[in-house]
Each structure stands twice: as C-alpha cells, then as structure tokens.
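Please read the structure below before turning to the comments.
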Amino acid sequence: MVVSRAQEEGITLSPLDIFQHRTVAALARTAAGSGTARVITPRPADAEPVLSFDQERLWLEDQLVPGPAYNVGWQQRLIGPLDLDVVQRCVRAILLRHESLRSRFPTVDGRPVQVVDPLPADWRLRIEDFRSLDDREERAQRLMAEEVGTGFDLANGPMVRCVVVRLSDTEHLIGMISHHIVADVASVGLFVRELGALYQAGGDPVRAGLPELPIQYLDYAVWQRERLSGAELDRQVDYWRDHLAGAPRALTMPTTAHSPGQARGGRAYGRMSKADTAALKELCRSLDVTPFMVVLSMLATVLGRWAGQRDVVVGVSISNRTDSGTESLIGSFINTLPLRVDLNGDPTFAELLDRVRDVALGGFAHADAPLDVIMKRLKVTRDPRRTPLFQVMLNVVDVPPIERFGDITLGTVDAPPLPPSFDLVFTTNEVRGELDYVLEYDAGRFPADLMDALGTHLGRFLGAAIADPGRGILDYPLDEPAGADTEPTAAASPAEAGVPVGAKPTDDANPTHAAVPTPAVPTPAGADPERVAPVHLAVAAHARRSGAVAVLDGTGGWTYAQLDRAADRVARRLAAREDGPVVVVRRPAVAFVAAVVGAAKAGRPVSVIEPGGDVPVGSLVLDADSTDVLGTAPGPRRAAPTPPAPTPPAPNRPTPSRAPTGRCSGWA
C-alpha cells in the first residue's frame, strides 16, 4: 500500500525500503533521494498484445504439462435466501469490469499473444438445481470437483468458469475457477469482495461503490515489458546468478515411484494457538525480522534435516502490485523468488534468522527479475519430473475471511486438494489471531503418513524455535520428547515415523521411497571419519542431541536415543551368545544401522556383506530381513539376496473426483 501510494506521487520505494526505514521521517529521507517512479498508464492503441513475464511462464508450463495444476479456485457454501438473478448480474458486472477474465492466449507466428474478447450478449451464469435429488450434496461436490479438476484451453478460452448449485431454497454452493494466467490469490479475494459489494447493491456497480480501474491487465503487461529490459534487467539477473551459483539442483526428499502426469494432491493441516502466534510476533519485534522470515527459516531447517542437506532453495511468491492502479485489478501479478538458505555451521535459530533476513532483503531488492528470465539466463533445463531451481514453495498470505454478503452467510466447503504445481507447497495465513498452515503435496510422490509427519515436525519445530531461539537448529527435537523405550514402525504415529536426515539421495531417473540409511552423526574433533567406529559416532551424537533424527528407511525413522536403545538390545543379545565375529547383511532398513552399532558396542569384530554374499564359518549373522535377526552360520553359506523391487504402478492421471477447490496454485 505504501509503495503504491508513493508511486502515485512519482516516488520510487521498494519493499526493502519499507523494511529498513520504519518511521515516516526515515521514509521521507529515502523518498527524497529516490528516483522518479514510472506510473502505469493505459497502453497505446497500437501496442503489441504481449503477455507479462509471469503469464509467459505459466503459458509455457501449460504447453509442457497441460492440466489443472495451475487452476485457481474459490468455493463457498451460501446460507440464506439467495437471489440468483442478482448473482447473475454481479458476476456479469465483474467479467465486464476486468479484461483479464475475458482474455485468451492464442499463438501468432509461434509466440503467444493476449486477446481480450467482448462478453457475449447471451452470457449466462451456470446454475444447477439439485433440490429434488436425495444425493444432492454428493452430486454437488462431484460437480465442483469436476470443474476445478478440468484444465483450460488457453488458446480459445474462456479463462474462468462460474457455477451455482441449488441444494435447497436457502442453501447453495458457488464456485469460481480460473487459470492462474489471469488471476492470483489476491485476485480471488478481489473477486469475492466485489461479488459481496455488488450483491448488496443489487448488482449495480455504481451503487456498490467499486473503485474505478484506471488501467487493465494488458496495460500492466505492456508497461512491464518496457520497464524490465536492458541494463536494469541485466543487473537484477546478475544478482540471482551469483545468489544461485553452486546451489543444489534438487531437494533429495524420499519419494515413491513417479511419472509425469501422475500428480494428485494431498494435504496436511496445522494451527498455532493465539498464545504461540502472539509469541511469534514478539520474537519478530525483538529480533527485527518478519513472520515471513521466521517461517522461511523454519521451513528450510526442517526440510534440510529431512533431506540431509545444508543448502536449501525455497521458492517464495512476491506481489508486483506496486502501482496503485493494480491494487483493485484482477490478474496475475506474482513473481517467484528462489531464496537460498545456508544451514551450515549449526547456527542457532536466532543466527539463522540473521542470515535469512539478509537473503530475503537481497531478494526483495531484486524482485523485479522474472523467474523465467532468470532460468533462461542461467540456462536451467526444464525437467517434467520436477520444477527447476526449487521444488518447495512457500506462501505467507494475509487474506482475511469474508463471512457475509448482507443477509447471506458464507460457510466452508471441505474439498479435496488440487494437483500441486510443486512437490511441496507450504502456506500460512493468520485468521483471528491464530496462524493456520497447510502443507500441500504431490500424493503421487509422497506417502500421506510421511507428509503428516512432516507437517507435525514443521509445527513442532516452529513452536520450539519461537520459545527458545538460542538453540542450535539441529538441537530442536522433531519427534515427541524422548522417554518411550520403543522403536517406530510403519504403524507408528506420524510424529514417530521419522525424517530422512542423512538418507542417501534418490536416483533422479528412478526415485524410490526406500533408501539405504546413513547415520547423520558428527565426527569427533580430530578424528579420521574413515576410522571412527560406529559406536563412537553414535554415542557422540546421542550425547549431543538425543532427540534429533538419526536414520530413516522406507517405513520410518529413529532418533539417536531410539537408535542407542535398539543398539543396546542388540549388544545384550550378543553378550548372551558365544564369542566370535559378527557379520551384518546390508539392508535398506534402520535395523541394519542398529545391528552395526550394537555389534560394535558388544566389542565384536564386525563386517558388512551385501545380500547374497558369502558368510564366513562360525560367524554370527545379523540380518534385518531375517525372521531371527540373530542367526549363526554353521558352515559356508550365502546371505539371502535382496528381493526384487516392486514394479512401479502405471502412470495414472487424477480423476476429476480427486480434484480440489478453494485454493490457488503454489505460485500465488
């Protein structure tokens, strides 16, 4: 708001200026030395009908993988005596008011252009009457799911679909679905607010008091193309080239087998109490950061611990509504910034916030560089199996709920999640003093129980870090407090399921959920990592952070404390057996690590063999795949071979009944 008002006066201020200069006097001094702002004006009549940078990227994504992944949706239950004729006039007025909702994107000479069509004179709102049906609620939900699960024809349009379902004389479902190329999250809020104002004014735009629109979206697209070019664009892209130099190309999360086109949505929810949300704000005040910076630090840390990485890139969306003319305009004004977080050195959470503040402010100062241009300049290769540069998206939104249209009460609708645009999308929104968050994910890549565990860990870490930001980021326990003398299993609670810290990266060409576990333990000072016994590593790590996750397999994971207890049990069982060497069969299981550490604790000579390998005579065999984990080899024999991996399921596109409503894609 401040940025756009300054621009009205011909003054250039950036989000970085607003953060760094908190008083009116400081902002005035900054404004006095700023350059002259270029205000967006209506396009010339002969202007080329270009796409904005964000639209061009979304258009290209749709050409590569068409479908509903970039659908933007709003779905609501309306309780009260709804006047459908007035609703019809309201939606028609909104479509006439915003050119973007009447746009389509054909190609001319191989390049996309933006064409604004007139609204047909016979346009009518789609209304379905299910009042006489016994299964009307189920039918209505299926219809809404089909609407949001169906993609758009960008070349021929239309780019928006609206439908109202009558369930009774006083209960209706309403849905608005569009492609992200014509609307972002803020646009959905604008649509709902304008619909409410128009409904209370009988559908009359004048009586509704809607602000005039000095420009339309195509004016913005033409302005953006003219402004972002030449030396200024080069300067901004150079920043991102340096920022991303040497960054990991992927986050090595454990996944199930996956093929392009298999995407289907999954969702996990969480909520911070009012007290914890207030504590978050107090932390921000005391450390001079924003809630966005706190959430980004938390997300990068937990993902880094899951993936065993100390260098994490997270995509974050930033609004380009810096001109007052764009504040009331429906359209796609989002740019996405690939923010890189350095977790090396085991900083405290407060120290990490200092790093993230610098990263975020540096990104904000160069936020005009379009992501698609950055990718082209960096020669990033597009891969249909994953999004380039980053696979995790963070949205910190501030969209207050709208609860009434006059005498109409707006109720919620529980809809299934949309197929995601990214592997993971983490979104927060403060509602009535409580911070709600949702983790959306590709259910074709990530098992639901694993993502439930991740959602739990994210919330637990955030609460602990807010309460005590002076601890090292690896010292916050992600699981329940240690004390239960049990190992997690596939049937354990999500919080006990473990996370993939130290898991070996999956093969890009054939990702699997299971990975041979590798203990994520520090090496004692001055020691040669190749010569340090596993027992010393485990004991050192246990002493430092017993609640941290040590090892993961395809069914769950153990903390250092749980690994230590399991190894002690192996050692006790070995102590009751005859002396002799121990052979451990390498398996992709947490029990394999416990067997190695336990044998070392028992003081036995330990060797590891591959499945199917020869077992020396007289050796005690520890095999996690065996019914009897402790077996004695009476003579020369071979360890059981590893069973063949299951054949991945055939690619299967999500059915419309699985498609969701009520959220925007991760880019918004």
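Whatever position you read off the sequence shown (first residue = 1), add 1337 for my numbering. Where a beta carbon is used, it is the ideal one built from N, C-alpha and C, also for glycine. None of the values given here were measured: they were computed from a predicted structure.
Taking a contact as a CB-CB distance under 8 Å, the pair glycine 1641 and leucine 1676 does not count as one, their CB atoms being some 13 Å apart.
The beta carbon of serine 1665 sits closer than 8 Å to the beta carbons of Leu1527, Leu1547, Pro1548, Leu1550 from its chain, once the five residues preceding and following it are set aside; these are given in chain order. Shortest Cα-Cα distance from valine 1733 to any of Leu1633, Phe1670, Phe1686 involves Leu1633.
Following the DSSP letters along the chain, one finds phenylalanine 1759 in no beta strand (DSSP E), marked with neither H nor E. The three-state secondary structure of phenylalanine 1783, taken from DSSP, is coil. Glutamine 1728: not part of any alpha helix (DSSP H); DSSP gives it neither H nor E. In the DSSP assignment, isoleucine 1671 forms a beta bridge with Ser1656. The C-beta of valine 1958 has 16 or more other C-beta atoms within 10 Å across all chains shown, which makes the residue buried.
In this structure, the straight-line span from the alpha carbon of proline 1585 to that of arginine 1714 is close to 17 Å. It is roughly 27 Å from the alpha-carbon of isoleucine 1377 to the alpha-carbon of glycine 1494.
The alpha-carbon of alanine 1458 is positioned some 52 Å away from that of methionine 1635. Non-local C-beta neighbours of arginine 1426 in its own chain, meaning closer than 6 Å and more than five positions away in sequence, comprise Gly1540, ordered along the chain. Straight-line measurement puts the Cα of valine 1921 at about 5 Å from the Cα of valine 1945.
For arginine 1572, the closest alpha carbon among the candidates His1703, Ala1804, Pro1684 is that of His1703. Under the 10 Å beta carbon count, lysine 1611 is surrounded by fewer than 16 other beta carbons and is classified as exposed. Pairing alanine 1913 with proline 1814, the inter-Cα distance amounts to about 34 Å. Under DSSP, histidine 1509 takes part in a beta bridge, and its partners are Leu1415, Arg1503.
Tyrosine 1407 has its alpha-carbon roughly 8 Å from the corresponding atom of glycine 1488.
Ranking Leu1620, Ala1931, Gly1796, Val1522 by CA distance to the CA of proline 1737 puts Val1522 first. Setting aside the 5 residues that flank it on each side, serine 1440 is surrounded in the same chain by Gln1451, Val1452, Val1453, Met1496, Val1519, each with a C-beta closer than 7 Å to its C-beta; the list follows chain order. For tyrosine 1813, there is no enclosing alpha helix (DSSP H), since its DSSP letter is neither H nor E. Alanine 1928 has its alpha-carbon roughly 54 Å from the corresponding atom of valine 1500.
At a Cβ-Cβ threshold of 7 Å, alanine 1430 and leucine 1535 count as neighbours. Between proline 1449 and the set Glu1436, Glu1474, Arg1476, Asp1391, the nearest pair of CA atoms involves Asp1391. Going by DSSP, aspartate 1709 is part of the alpha helix (DSSP H) stretching over 1708–1714. Apart from sequence neighbours up to five positions away, the residues of its chain that approach valine 1428 with a beta-carbon distance below 6 Å are Leu1462, Cys1499, ordered along the chain. Per the Cβ contact rule, the segment 1751–1762 is in contact with the segment 1773–1788 (3 or more Cβ pairs under 8 Å). The three-state reading of DSSP puts tryptophan 1460 in coil, since its state is none of H, G, I, E or B. By the CB criterion at 7 Å, leucine 1776 and alanine 1605 fall inside the cutoff. Distance check between leucine 1588 and each of Val1626, Met1730, Ala1482 places Met1730 closest, using alpha-carbon atoms only.
Distance from the CA atom of isoleucine 1464 to the CA atom of proline 1418, rounded to whole angstroms, is 15 Å. Per DSSP, the continuous beta strand (DSSP E) segment holding alanine 1605 begins and ends at 1602–1609.
In this structure, the straight-line span from the alpha carbon of phenylalanine 1686 to that of aspartate 1625 is close to 14 Å.
According to the DSSP secondary-structure assignment, tryptophan 1895 is paired through a beta bridge with Val1888. In the DSSP annotation of this structure, the continuous segment of the alpha helix (DSSP H) that includes serine 1524 starts and ends at 1522–1537. A direct Cα-to-Cα measurement between alanine 1616 and alanine 1804 gives close to 8 Å.
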